[in-house]
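Peer 1: Chains as they are written, first to last, in this note's numbering: chain A, -17 to 113; chain B, -17 to 113; chain C, 429 to 509; chain D, 429 to 509. Note that CB positions come from ideal geometry on N, CA and C, so glycine has one too.
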Amino acid sequence: MRRELAISEQKIDEQALSRSRAASAGMGAAVYFVGIVRGTEEGRPISGLAYEAFEKMARYQFELLFDQAQTRWPLESVRLVHRVGFVAAGEASLWIEVVAPHREEAFAACQFIVREMKRVVPIWKKAFPLA
Amino acid sequence: MRRELAISEQKIDEQALSRSRAASAGMGAAVYFVGIVRGTEEGRPISGLAYEAFEKMARYQFELLFDQAQTRWPLESVRLVHRVGFVAAGEASLWIEVVAPHREEAFAACQFIVREMKRVVPIWKKAFPLA
Amino acid sequence: MQVRVHFYSYFKDLAGASEITEMIAPGARLESLLQQVYLRFPKLAAMRKSALVAVGVDYQAGEYLLAEGDEVSLFPPVQGG
Amino acid sequence: MQVRVHFYSYFKDLAGASEITEMIAPGARLESLLQQVYLRFPKLAAMRKSALVAVGVDYQAGEYLLAEGDEVSLFPPVQGG
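#1: Excluding five sequence neighbours on each side, which residues of the same chain lie with their C-beta closer than 6 Å to the C-beta of residue 70 of chain A?
#2: Name, please, each residue of chain A whose Cβ falls closer than 8 Å to the Cβ of residue 95 of chain B.
#3: Does DSSP put residue 111 of chain B in a helix, a strand or coil?
#4: Counting contacts by CB-CB distance shorter than 8 Å, is residue -6 of chain A in contact with chain B?
#5: Is residue 455 of chain C buried or exposed, if buried means 16 or more other CB atoms sit within 10 Å of its CB?
#6: Around the Cβ of residue 505 of chain C, are there at least 16 other Cβ atoms within 10 angstroms (buried) or fewer (exposed)?
#7: Should residue 21 of chain B and residue 113 of chain A be called a contact, given that it needs their Cβ atoms to be closer than 8 Å?
#8: Is DSSP giving residue -10 of chain B helix, strand or coil here?
#9: Within 8 Å of any Cβ in chain A, is that where the Cβ of residue 509 of chain D sits?
#10: So, is the C-beta of residue 91 of chain B closer than 8 Å to a C-beta in chain A?
#11: Pick out the complete alpha helix (DSSP H) segments inside the stretch 27 to 88 of chain B, 4 residues or longer, and give them in chain order.
#12: Could you name the residues of chain A that residue -17 of chain B contacts, counting a contact when the two beta carbons are closer than 7 Å?
#13: Is residue 482 of chain D close to chain A, meaning its C-beta is less than 8 Å from at least one C-beta of that chain?
#14: Starting from residue 430 of chain C, follow the beta strand (DSSP E) in both directions and report where the run begins and ends.
#15: Taking the alpha helix (DSSP H) that residue 6 of chain A belongs to, which residues open and close that run?
#16: So, are the CB atoms of residue 87 of chain A and residue 56 of chain A less than 8 Å apart?
#17: Please state whether the Cβ-Cβ distance between residue 82 of chain B and residue 35 of chain B is less than 8 Å.
#18: Are any of the Cβ atoms in chain B nearer than 8 Å to that of residue 435 of chain C?
#19: So what's residue 487 of chain C in DSSP terms, helix, strand or just coil?
#20: Just to confirm the assignment, what range does the alpha helix (DSSP H) spanning residue -4 of chain B have?
#21: With DSSP collapsed to three states, give me the class of residue 14 of chain B.
#22: For residue 60 of chain A versus residue 9 of chain A, is the C-beta distance shorter than 8 Å?
#23: Quick one: is residue 104 of chain B buried, meaning 16 or more other Cβ sit within 10 Å of its Cβ, or exposed?
#24: Would a C-beta distance cut-off of 8 Å place residue 44 of chain A and residue 96 of chain A closer than the cut-off?
#25: Within 10 angstroms of its Cβ, does residue 65 of chain B collect 16 or more other Cβ (buried), or is it exposed?
#26: Quick check: is the beta carbon of residue 99 of chain B nearer than 8 Å to any beta carbon in chain A?
#27: Flag residue 15 of chain B as yes if its beta-carbon sits less than 8 Å from any beta-carbon of chain A, otherwise no.
#28: Checking 8 Å against the spacing of the C-beta atoms, do residue 75 of chain A and residue 25 of chain A come in under that value?
#29: Could you tell me the alpha carbon to alpha carbon distance between residue 32 of chain A and residue 107 of chain A, rounded to whole angstroms?
#30: Based on Cα-Cα distance, which residue from C:457, C:429, C:489, C:472 lies nearest to residue 503 of chain C?
#31: Using Cβ-Cβ distances below 7 Å, what residues of the stretch 21 to 35 of chain A are close to chain B?
#32: Going by DSSP, name the residue or residues bridged to residue 501 of chain C.
#33: In whole angstroms, give me the CA-to-CA distance for residue 429 of chain D and residue 451 of chain D.
#34: Rounded to whole angstroms, what's the CA-CA distance from residue 466 of chain C to residue 508 of chain C? Just pull it up for me.
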């Protein structure tokens, strides 16, 4: 299974990422999840979120999740980008792509990765209230 | 709910489509499904698939599915493009975007639309065996 | 009265036409029309169990009462995506 | 022996430090170290029920046997995405 993982302060370039998708002849499905920073946190307007990662452990835990996904579903590739640092409201903080032969496994794996990530990958956020 | 529906012979421009995503301040999730034409059909290599639609009914049935999705989940927008005519292996035949406050409803609605589409929307395909 | 019947996908090949006109009794039900069509096109009749039937843009069952000008469509299971 | 303890997210603020060094008995378990840390930082102790604990890049439970050079990390529930 092809894997790509980035934890980065750069803006997520969804267009460049999707343009670089590779799918071999047997692949029929690509599922994407894009997490967007909402303009409110606990009901109050915010300018954005600052994400902090324990990066070495975050990378390792992401790879463990990719291992598990690979064991459970026949996936051709998983690519994931998580931003750190300040992310303005309305911008993407997370981008995931799963390519698989059929849609069921692509959806299942993508949902698995984002759900488990929120349980085990050491990344935290801090809201910046609107002045 | 914002809706966009295209049934078109044009190549699907995923980059232009994702660039035109609109998400208001409360939206935290965008889920995409891209259906790709596989290089084989029933085990035999193909050059692609020709899609035929009963377009008037297909549009109506897609709108009914959007109505149902809108009733079941709090969605901000659903956009869908289905190609007709010849689609080469490796190219996208279907593109769906669902934008919602949270990922659960975005995933559920996207899966609902693609699953129900394959039951009720009058579109058919014909394989072109590789010469 | 007259109703038009459209065929899609390989039902066109089985019927050898993309549309036909059928004469039916006023107030006939969809199922009567289908029997007439299947009698005329035995290759389509072989597919009747999986055939989908619409009037206009809505799926309809056999008890549907046909009206003058109805456009009936007959097609195999859909395969979009 | 010495082990380093790292804090992340608001645990840094509660501890007033991003990392500290603790002296522990050779062969001590992770839970003994944590008790020591919680005694030193009462504000962290208040969070112990939800605290996550890793050694290196793996989550570990209290019975984990610490070794010289272990890097322990203590942090609140994760919130990525």
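Peer 2: For this structure:
#1: Looking up residue 70 of chain A in the first sequence gives position 88. Once the five neighbours on either side are set aside, the close Cβ partners of residue 70 of chain A are 30.
#2: Along the second sequence, one-based indexing puts residue 95 of chain B at 113. Chain A residues near residue 95 of chain B: none, gap ~11 Å exceeds 8 Å.
#3: If you number the second sequence from 1, residue 111 of chain B lands on position 129. Residue 111 of chain B: strand per DSSP, three-state reduction.
#4: Numbered from 1 along the first sequence, position 12 holds the residue referred to as residue -6 of chain A. No, residue -6 of chain A lies away from the interface with chain B (no Cβ there is under 8 Å from its Cβ).
#5: If you number the third sequence from 1, residue 455 of chain C lands on position 27. With fewer than 16 Cβ atoms within 10 Å of its Cβ, residue 455 of chain C is classed as exposed.
#6: Numbered from its first residue, the third sequence carries residue 505 of chain C at position 77. Exposed is the call here.
#7: Your numbering for residue 21 of chain B matches position 39 in the second sequence. Your numbering for residue 113 of chain A matches position 131 in the first sequence. Not a contact, by the Cβ cut-off of 8 Å.
#8: Your numbering for residue -10 of chain B matches position 8 in the second sequence. Residue -10 of chain B: strand per DSSP, three-state reduction.
#9: For the purposes of this step, residue 509 of chain D is identified with residue 81 of the fourth sequence, where counting begins at 1. Answer yes: the Cβ-Cβ gap between residue 509 of chain D and chain A drops below 8 Å somewhere.
#10: By one-based count along the second sequence, residue 91 of chain B stands at place 109. No, residue 91 of chain B does not count as interfacial toward chain A.
#11: 37 to 54
#12: As a position in the second sequence, residue -17 of chain B is number 1, starting the count at 1. Simply none; closest approach about 17 Å.
#13: Position 54 of the fourth sequence holds residue 482 of chain D. Judged by the 8 Å Cβ criterion, residue 482 of chain D is in contact with chain A.
#14: Locating residue 430 of chain C in the third sequence gives position 2, where the first residue counts as 1. Note, residue 430 of chain C: beta strand (DSSP E), 430 to 435.
#15: Along the first sequence, one-based indexing puts residue 6 of chain A at 24. Here residue 6 of chain A belongs to no alpha helix (DSSP H), and DSSP marks it neither H nor E.
#16: Reading the first sequence from its first residue, position 105 is the one you call residue 87 of chain A. Reading the first sequence from its first residue, position 74 is the one you call residue 56 of chain A. In contact: residue 87 of chain A and residue 56 of chain A (Cβ atoms closer than 8 Å).
#17: Sequence index remark: in the second sequence, residue 82 of chain B carries index 100 (1-based). Sequence index remark: in the second sequence, residue 35 of chain B carries index 53 (1-based). Against a cut-off of 8 Å, the Cβ pair of residue 35 of chain B and residue 82 of chain B comes out as no contact.
#18: On the third sequence, residue 435 of chain C is found 7 positions in, with the first residue counted as 1. No, its Cβ sits nowhere closer than 8 Å to a Cβ of chain B.
#19: For the purposes of this step, residue 487 of chain C is taken as the residue at position 59 of the third sequence. The answer is strand: DSSP assigns residue 487 of chain C an E or B state.
#20: Numbered from 1 along the second sequence, position 14 holds the residue referred to as residue -4 of chain B. Here the alpha helix (DSSP H) through residue -4 of chain B covers -4 to 1.
#21: Position 32 of the second sequence, counted from the start, is the residue given in the question as residue 14 of chain B. Note: residue 14 of chain B maps to strand in three-state DSSP.
#22: What you label residue 60 of chain A is simply residue 78 of the first sequence in a count that begins at 1. What you label residue 9 of chain A is simply residue 27 of the first sequence in a count that begins at 1. Against a cut-off of 8 Å, the Cβ pair of residue 9 of chain A and residue 60 of chain A comes out as no contact.
#23: Sequence index remark: in the second sequence, residue 104 of chain B carries index 122 (1-based). Burial call: buried.
#24: Here residue 44 of chain A corresponds to residue number 62 of the first sequence, with the count starting at 1. Here residue 96 of chain A corresponds to residue number 114 of the first sequence, with the count starting at 1. Going by C-beta atoms, residue 44 of chain A is not nearer than 8 Å to residue 96 of chain A.
#25: The residue labelled residue 65 of chain B in the question sits at position 83 within the second sequence. Buried is the call here.
#26: Translated into positions along the second sequence, residue 99 of chain B becomes position 117. No, no contact with chain A.
#27: Numbered from its first residue, the second sequence carries residue 15 of chain B at position 33. Chain A, which has a Cβ nearer than 8 Å to the Cβ of residue 15 of chain B, makes this yes.
#28: As a position in the first sequence, residue 75 of chain A is number 93, starting the count at 1. As a position in the first sequence, residue 25 of chain A is number 43, starting the count at 1. Result no, Cβ atoms of residue 75 of chain A and residue 25 of chain A do not sit closer than 8 Å.
#29: Within the first sequence, the letter at position 50 stands for residue 32 of chain A. Within the first sequence, the letter at position 125 stands for residue 107 of chain A. Each residue's Cα considered, the two are about 5 Å apart.
#30: Within the third sequence, numbered from 1, the residue matching residue 503 of chain C stands at position 75. Comparing Cα positions, the closest option is C:472.
#31: 21, 22
#32: In the third sequence, the residue the question calls residue 501 of chain C occupies position 73. Residue 501 of chain C pairs with C:434, C:482.
#33: Numbered from 1 along the fourth sequence, position 1 holds the residue referred to as residue 429 of chain D. Numbered from 1 along the fourth sequence, position 23 holds the residue referred to as residue 451 of chain D. Going by the C-alpha atoms only, they are around 6 Å apart.
#34: The residue labelled residue 466 of chain C in the question sits at position 38 within the third sequence. The residue labelled residue 508 of chain C in the question sits at position 80 within the third sequence. About 26 Å.
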